[in-house]
Amino acid sequence: HMVQTGIIPNSVAISLAVPFAPWVKKLCDPSTKFIIISDKDMELEAIARLARVGYENCLGYLDGGIEEWKKQGGEVTMIDVIDPKDLVNMPPEKAKDMQVLDIRNPTEWKLNGVNEGSLLISLKELKWRLSELDKNKHYQIMCASGMRAKIAFSLLRRWGFEKVTVIEGGANQLKKEGAKFVEFKELQ
Numbered sequence: 001h002m003v004q005t006g007i008i009p010n011s012v013a014i015s016l017a018v019p020f021a022p023w024v025k026k027l028c029d030p031s032t033k034f035i036i037i038s039d040k041d042m043e044l045e046a047i048a049r050l051a052r053v054g055y056e057n058c059l060g061y062l063d064g065g066i067e068e069w070k071k072q073g074g075e076v077t078m079i080d081v082i083d084p085k086d087l088v089n090m091p092p093e094k095a096k097d098m099q100v101l102d103i104r105n106p107t108e109w110k111l112n113g114v115n116e117g118s119l120l121i122s123l124k125e126l127k128w129r130l131s132e133l134d135k136n137k138h139y140q141i142m143c144a145s146g147m148r149a150k151i152a153f154s155l156l157r158r159w160g161f162e163k164v165t166v167i168e169g170g171a172n173q174l175k176k177e178g179a180k181f182v183e184f185k186e187l188q
């Protein structure tokens, strides 16, 4: 849904379709003040989920959500996506400035393998490992299915990374399209 509507610049975009409150808890300080932007009739659900995990700094919600924001002239950032088939078939000269960023969890890397050459930084570690990223590189963000990659997209854009793209369908789809996955080996 966020791919079609876009997100508000500098926002942290976490869909209610993922474990919303746990991801807020992992990524946001408890003192953070929130304004909810959601689909109509989901605003109170989002506020309740935050309250259940101790996040009670919700200032309110944007009535009418992102569509109202756009009607009122608010700026949006569209989430760039790439079809895994296009990534797999990309000519090497075009891919040279790109880096797949795998934000899945280490257990997922162990169980399902990793795309050869990917940079492995789980979503929950991303803000502490920003120094490992180069703002001049173009990052192709991958999780298992694409949901967490959209969260990472919003965070990286918020932190000043302009060249970020979500791999649609994530590792599952990339694997189906023939990308080379190898066994994950932990650093010694």
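Taking this note's numbering, the leading residue of the sequence shown gets 1, the next gets one more, and so forth. Ideal placement from N, C-alpha and C gives every residue a C-beta, glycine not left out.
*Can you list, in chain order, the residues of its chain whose CB lies under 8 Å from that of Ile167, leaving out five sequence neighbours each side?*
Locating residue 167 in the sequence shown gives position 167, counting from the first residue. Counting only Cβ-Cβ distances below 8 Å, and skipping sequence neighbours, we find Val81, Ile82, Pro84, Leu87, Val100, Gln140, Ile141, Met142, Gly146, Ala149, Gln173, Leu174.
*Pick out the complete alpha helix (DSSP H) segments inside the segment 141-188, 4 residues or longer, and give them in chain order.*
Taken in chain order, the unbroken stretches of alpha helix (DSSP H) that lie wholly in the segment 141-188 and span 4 residues or more are 147-158, 170-176.
_Looking at the secondary structure, which residues open and close the alpha helix (DSSP H) in which Gln4 lies?_
The sequence position of residue 4 within the sequence shown is 4, counting from 1. Here the alpha helix (DSSP H) through Gln4 covers 2-5.
*asked:* Taking its Cβ as the centre, do 16 or more other Cβ atoms sit within 10 Å of Val53, making it buried, or is it exposed?
replied: Sequence index remark: in the sequence shown, residue 53 carries index 53 (1-based). Exposed, since its Cβ has fewer than 16 Cβ neighbours within 10 Å.
*Report the residue from Lys163, Ile151, Leu27 whose alpha carbon sits nearest the alpha carbon of Ile7.*
Translated into the one-based positions of the sequence shown, residue 7 becomes position 7. Per the Cα distances, Ile151.
*Using the beta-carbon count (16 or more within 10 Å), is Asp102 buried or exposed?*
Mapped onto the sequence shown, residue 102 falls at position 102. The residue is buried, with at least 16 neighbouring Cβ atoms inside 10 Å.
*asked:* With distance defined between alpha-carbon atoms, name the residue in Arg49, Trp109, Glu68, Leu119 nearest to Lys185.
replied: The residue you call residue 185 lines up with position 185 of the sequence shown. When each option's Cα is compared against that of Lys185, the closest is Trp109.
_Let me check one thing: in DSSP terms, what residues is Gln99 bridge-paired to?_
Here residue 99 corresponds to residue number 99 of the sequence shown, with the count starting at 1. According to DSSP, which records beta bridges pairwise, Gln99 is partnered with Tyr139.
*Just checking, does the segment 60-76 make contact with the segment 27-44 on the three C-beta pairs under 8 Å criterion?*
Under the 8 Å Cβ criterion, the segment 60-76 counts as touching the segment 27-44, having at least three qualifying pairs.
_Cβ-Cβ distance between Glu75 and Pro9 below 7 Å_ = Your numbering for residue 75 matches position 75 in the sequence shown. Your numbering for residue 9 matches position 9 in the sequence shown. Cβ atoms of Glu75 and Pro9: closer than 7 Å.
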